[in-house]
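Using my numbering, you'd call the opening residue of the sequence shown number 829 and step up by one each time.
A virtual CB, placed ideally from N, CA and C, is assigned to each residue, including glycine.
Just so it is clear, the structure is predicted and the values come from calculations on it, not from any experiment.
Here is the structure we will look at, set down as structure tokens.
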Amino acid sequence: INELEQRSKVLASSIYEKGTQWGKEMGLVYGCPVEDIVTGLTIQCRGWKSVYYNPEREAFLGVAPATLDTGLIQFKKWSEGMFQIFFSKYCPFIYGHKKIKLCAQMGYCIYLLWAPLSLPTLYYVIVPPLCLLQGIPLFPKVSSPWFIPFVYVFLSRNIYSIVEALRCGSTIKAWWNLQRMVMIRRTTSFFFAFVDTIIKKLGLSQTTFVLTAKVAAEDVSTRYEQQVMEFGSSSIMFTLIATLAMLNLISLAGAAVKTVMLVEYLKEMERLISQVGVCALVVMLNAPVFEALFLRKDKGRLPFSVLFKSVVFVSLACLIPVR
């Protein structure tokens, strides 16, 4: 028993790896929060040929986050780690040069550049509603031929995405929920991952590993099984989500009131209809957020402090002069 205990201590301490190629040429590649991505890239560059195989039987089962907060923290870790890879020696365009095809290099970068995707997404959920409140058009008129490219991009992207989801056995409801989560992740997890990575590259902080809860309370599990989005805390991510949702709601409501009350504003709607559509889409995607802010009474709702802070931030944002 003593011998087994001593061997277990050596195994747990990983001392046996010192002076070997473990973590460099053998096993998982160390030194990155997402070792699986770097490891996959290195073996691809050594000549490993991947084959797409998707069996009907689940090949791997794990425990998914039961709360939105845990899920967002998990995606922040992933997106931050992958963004760090892009700036490291393992950048696919550098490490994979002449080792894997350009398309494969670009394929890796789709995931490595999750974090910067937060910037254009934040633009589309912040600038259009602010400009709509002040009657400033951002898109061409509906009658303009330059309006066609915007409609084409919007329709082609979403129609292709829906068809792809249905062909993979998904549903329209699941596709819609995915669009909601994509927006939430980009405006929170990816944004904070982008900021943290830039700060670390400037040498102002060090990489930290944040642990996420693996066990959920009984009431949380019940709401998870009922497909009810779990909030329940006043984290900075939830404050940002609520603020963006409230900004678009107030902007949309303001445009509706002006259209009804002011006849001259009705003439301007042709120039602003695209922004109205963007705000309406953001409001619809944030339906669970409004429910958690105003309607829900369970522990998974958003605290009043989040509502208060979001209203204050939106009020300040509405005072910003946009020209």
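- Counting of Cβ neighbours within 10 angstroms places E908 among the buried residues, the total reaching 16 or more.
- Contact between K1127 and T1067 fails: their C-beta atoms lie close to 18 angstroms from each other, not under 8 angstroms.
- Within the same chain, no Cβ atom closer than 6 angstroms to the Cβ of V955 is found once the five residues on either side in sequence are excluded.
- Fully contained in the segment 1055-1130 are the following alpha helix (DSSP H) runs of length 4 or more, in chain order: 1064-1089, 1091-1095, 1097-1113, 1115-1118.
- Of all alpha-carbon atoms in A1145, T1016, R1124, the one lying nearest the alpha-carbon of K905 is that of T1016.
- Residues I1069, A1070, A1073 of the same chain have their beta carbon placed closer than 7 angstroms to that of V1117, with the five preceding and five following residues left out of the count.
- Three or more beta-carbon pairs drawn from the segment 1007-1014 and the segment 1107-1121 are found closer than 8 angstroms, and the two stretches are therefore classed as touching.
- Rounded to whole angstroms, S1143 and I1078 show a C-alpha spacing of 10 angstroms.
- The count of Cβ pairs closer than 8 angstroms, one atom from the segment 959-973 and one from the segment 1100-1110, reaches three, so the stretches are in contact.
- F1022 is not a Cβ neighbour of A1120, given a cutoff of 8 angstroms.
- Inter-segment contact for the segment 908-928 and the segment 977-997 is absent: fewer than three beta-carbon pairs are separated by less than 8 angstroms.
- The alpha-carbon of A1045 is positioned some 40 angstroms away from that of V879.
- In the structure shown, the three-state DSSP call for F1019 is helix.
- A direct Cα-to-Cα measurement between C1146 and A943 gives close to 27 angstroms.
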